[in-house]
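Chains as they are written, first to last, in the numbering used here: chain H, 33 to 513; chain Z, 357 to 542; chain G, 2 to 502.
Please read the structure below before turning to the comments.
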């Protein structure tokens, strides 16, 4: 049996996890710190490059494991998010000389190992060709995150972990319950067979579909399954929050697309209505929630609920949906990480509330500019990547045969509302003067060199994505067919 | 198993046991007793699986749920002070809401097209023996589940390492990452 | 030549970028670069116009196809049918000329800004880049993209450098304009759904059934979306607060040029692309435009703050643009275009004067001013001349433009009662305009000198230059409008032909 070239990435990822784990347990302290941290992010970046290089032109299968061209951009997103998340952990690891307000991670090596394991789980989700593999992949992507959320020694971290564990188990229970019904209705767990046998007139199938969607909805934090997000974003360690906000969502979306264009393909119009419903309430609830936040991480949680609403809108559309979601995710992940990097620098010596961000433009023009660009990209302002990302989601819902113009109008108005709260952040960092008490108590902001470099690279990336169409057309060639 | 009078009688027996034990589990006042009743309920379900020729699922039911989950619950009940002897109050409101919820679920189950249940029976009875399951798990072809099987091992590894890391008692002032992974990884 | 055309937005972008690397203490360098930048843009635009007039780019009478000069087309985000498609016709060139003159004057007016001077000019140049990008884009998506680029600098410029309720004003202005963008997105999604393309000229020539039926709702979405930017009633409320709170140069540019992007978009992206929708919906917009004209003028009478007076006057005069468009005749469209250019100069000079006067009296309330003619004769004379231009005295550009629009209101068949009534109301607005202009001028310039303790002198040289430039433009256009009218007429031929199909 010859190994498809596209599978190398999965194997490399597994090997990377082993290497990290072994060097963590076998090497001496000095060497270990260098290899675990630098090895991990460089390894993830290399695997990302490998993913791009080995992108198949048609589906490549090994047994029951299928590597589809359209999943390649998603896999790239997972690698990028993994590497960035490792880089973001820098000031929470021991031996860097900088300490974070909330202390150091319980074990940096295990933290990094778990990031890679979780990334591997996401790869498995995109390769799944049956419900079992799908479920196992989702679990492998999620379970390490429960542990990671508890990696800080304060109560918030433990609380976040416990909540995440409970909500995560609940969502898994939903998914498993749904899968059992899908099996009952379709008489198989194999996606190809299910695509034939799951028809819209089977009540059984619908019970399964709804429960599976609910399970994935928890992972995506789409309303009405979003209640966990603010607490966990706020309590988990910063790199884990960023990872949950980016990669975990990307994996959930990849899984969702896999199901919608695989086993659920005969369910058609009714499924579109479900997505339309989810999109509308996600946008509305997310926006309303984000308007009232005082703490940055909670704000990001609510805004991510709204962002997921836009993505779900694209799923009501035609064949533009997959590439537009892939491109959007790439931009979204980068935009999100810029924000989390900035706030991580800021939060290393003060709580991450908006009132503590006032006057940032005077204290650190670089951080302020980065946060400004991140917020505008998330809001969808040109010439940043977020503009085309969001605009294509609108176009996907306007394709012939899938014209949801009311939804587009509703979403466009919601985009304006979301712009309001992103601008509030900009107003806080650029315009509102800090009160005297704020100013005297906040010490200087320390930025690690590696994080400064990463920020600059990310900001350039997000501008390039918005004006240079190469990545865009690459995604469309892979995912458009 | 062919449907005979014996199997019919057994089916009703098991079902009665499930229902009875289930009712007991939610109505008795002593938490320990209700855990034991839950155990009976799960045994009945295992019996039903056996009647359907699914030995593996029946075994798993006993192994995982009775051997694992319920025992875990009992441990928790016994280890937690007073929980084994103190009676939890159950208000009328809770009864009413519980009964309503049960009725809704029953209604939904009855509403679902009964015709659909027939297609759910797997015609290939032989595939459900433990041997067949084992072979299929390790089968690398499109019909097998080799990859999820392998992935589960990674999942278990990461879960174990993670659990050990968090559970490790942290002495104040101890260095952060000494030796906590080596032991559990081996 | 196509490259020179694109330089009109590349140049300001480059200047904005290079300004980022200038140390903020070196105010002189920053100002020098800014003036050099706007002069460069002006030179570019003038050379483009000369090349345009020398070449044979005018659309022949009766043609439906816009003949673009210096056109350049390259696939951009082509997976969704987007191209980078730029070019100009006479209409865009005229707008660009106006924009570059006002930009030059805006930079000169901002000479006194010292606090956060670097950020100010960076944002101003981003705003300029977006504006010029808009004027040369003939791809709907690119056009929209440049339009969006202009909005964010506007927010920051008002919120950081403004006065009064600046943060509220900036937020209100931005949210309402982005609300307009939401409608534009809807309209674009509609046209994309029908044609799969964003090429404006291709869409304009597309006569398919699908586009025709989608135009029935996509047209009002696009027209209103851009109409919000052109402050059409009832979505005009952002403009008085926004313009009143902005710093002088930004008020000039916002009211003079940026607001015109709305009218430009209404004509280019709505009327030109979907003439069927335009025929269907125009009565409604004609009524809204008339309300803007009359209502804006009436409100202006009640205002005491000079900036508010001019802001409401702007609503009234820009309403005339929409009215001209709404007649859907060759004369009306031409009048609308002329009014856009004329009003750009007029409102810019008025805002510049208000800035100068405020810098001396430290108040903008007309009740606390008086007799300025005695102390600052130069500024006062300019103020009177500008007042003439606002009223539309013969010899000023407003006269040419407004007269064309009023003629459009009464030309053609006399059965269209709605048009006649609206036209009559619009003409009556001149009287109301005269009321507030004469009262304001009288109270500020004449009468007894109100002494509020501030000593001041007449305009310095650097202040005189922009005022003289702008007033010259106003009178030049009023006295020699020939070539402007000709350019506008030629470039509107395709739109008019399309309307008749």
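Glycine is no exception: its CB is placed at the ideal position from the N, C-alpha and C atoms.
Subject >> Under 8 Å from the C-beta of residue 458 of chain Z: neighbouring residues of chain H >> reply: Result: empty, since nearest Cβ-Cβ is about 17 Å, beyond 8 Å.
Original post:
Considering only the beta carbon of each residue, do residue 489 of chain G and residue 92 of chain G sit closer than 8 Å?
Top reply: yes
Original post:
Would you say residue 145 of chain H faces chain Z, with C-beta separation under 8 Å as the test?
Top reply: yes
**OP:** For residue 98 of chain H, write down the residues that DSSP places opposite it in a beta bridge.
**Re:** H:93
Original post:
Where in the stretch 97-144 of chain G do unbroken runs of the alpha helix (DSSP H), each at least 4 residues long, occur, reported from the N-terminal end onward?
Top reply: 118-137
Subject >> Under 7 Å (Cβ pairs) to chain Z, residues found in the stretch 187-205 of chain H >> reply: none
Original post:
Leaving out the 5 sequence neighbours to the left and right, which residues in its chain are closer than 7 Å to residue 440 of chain H when beta-carbon positions are compared?
Top reply: 426, 429, 430
Original post:
Between which two residues does the beta strand (DSSP E) carrying residue 70 of chain G extend?
Top reply: 70-76
Subject >> When G:457, G:398, G:406, G:321 are compared against residue 485 of chain G, the one with the closest alpha-carbon >> reply: G:398
Original post:
Listed in chain order, which residues of the stretch 175-188 of chain G have Cβ atoms closer than 8 Å to some Cβ of chain H?
Top reply: 175, 176, 179, 180, 182, 183, 184, 186, 187
Subject >> N-terminal and C-terminal residue of the alpha helix (DSSP H) that residue 313 of chain G is part of >> reply: 307-327
Original post:
So residue 178 of chain G and residue 239 of chain G are in contact, right, with Cβ under 8 Å, and what is the actual spacing, rounded?
Top reply: 7 Å
Original post:
For residue 511 of chain Z and chain H, any beta-carbon pair shorter than 8 Å?
Top reply: yes
**OP:** Kindly indicate which residue of H:76, H:123, H:58 has the alpha-carbon position closest to the one of residue 372 of chain H.
**Re:** H:123
Original post:
Thinking just about the alpha-carbon of each residue, which of G:99, G:303, G:319 is nearest to the one in residue 438 of chain G?
Top reply: G:303
Subject >> Proximity winner among Z:398, Z:366, Z:370, relative to residue 381 of chain Z (alpha-carbon distances) >> reply: Z:398
Original post:
So what does DSSP say about residue 178 of chain H, is it helix, strand or coil?
Top reply: helix
Subject >> Whole-angstrom distance between residue 249 of chain G and residue 356 of chain G, CA atom to CA atom >> reply: 5 Å
Original post:
For a contact meaning CB atoms closer than 8 Å, what does residue 501 of chain Z contact in chain H?
Top reply: 96, 162, 164, 165
**OP:** Compute the Euclidean distance between the alpha carbons of residue 87 of chain G and residue 71 of chain G, then round it to the nearest angstrom.
**Re:** 8 Å
Subject >> Residue range of the unbroken alpha helix (DSSP H) whose run includes residue 514 of chain H >> reply: Residue numbering for chain H in the displayed model covers 33 to 513; residue 514 of chain H lies beyond these limits and cannot be assessed.
Subject >> Rounded straight-line distance, which links the Cα of residue 409 of chain H to that of residue 374 of chain Z >> reply: 57 Å
Subject >> C-beta contact flag for residue 255 of chain G and residue 237 of chain G at 8 Å >> reply: no
**OP:** Could you have a look at residue 161 of chain H and say whether DSSP puts it in helix, strand or coil?
**Re:** coil
Original post:
In chain H, which residues lie less than 9 Å from residue 422 of chain Z when you measure between Cβ atoms?
Top reply: Under the 9 Å cutoff, chain H gives no residues; its nearest Cβ is about 19 Å from residue 422 of chain Z.
Original post:
For residue 101 of chain H versus residue 87 of chain H, is the C-beta spacing smaller than 8 Å?
Top reply: yes
**OP:** For residue 372 of chain G, name the three-state secondary structure that DSSP assigns.
**Re:** coil
Original post:
When burial is assigned at 16 or more other CB atoms within 10 Å of the CB, is residue 366 of chain G buried or exposed?
Top reply: exposed
**OP:** Can you tell me which of the three DSSP states residue 233 of chain H falls into?
**Re:** coil
Original post:
Out of curiosity, what's the CA-to-CA distance linking residue 225 of chain G and residue 276 of chain G?
Top reply: 15 Å
**OP:** Go ahead and label residue 144 of chain G buried or exposed: buried means 16 or more other beta carbons lie within 10 angstroms of its beta carbon, across all protein chains shown.
**Re:** buried
Subject >> Chain-ordered chain H contacts of residue 77 of chain G [CB-CB under 8 Å] >> reply: 501
Original post:
In angstroms, rounded to a whole number, what distance separates the CA positions of residue 515 of chain Z and residue 246 of chain G?
Top reply: 59 Å
**OP:** Please name the residue in G:165, G:321, G:180 whose C-alpha comes closest to that of residue 242 of chain G.
**Re:** G:165
Original post:
Can residue 229 of chain H and residue 216 of chain H be called in contact, C-beta distance under 8 Å?
Top reply: no
Subject >> 6 Å CB neighbourhood of residue 370 of chain Z in its chain, flanking five on each side removed >> reply: 400, 403, 404
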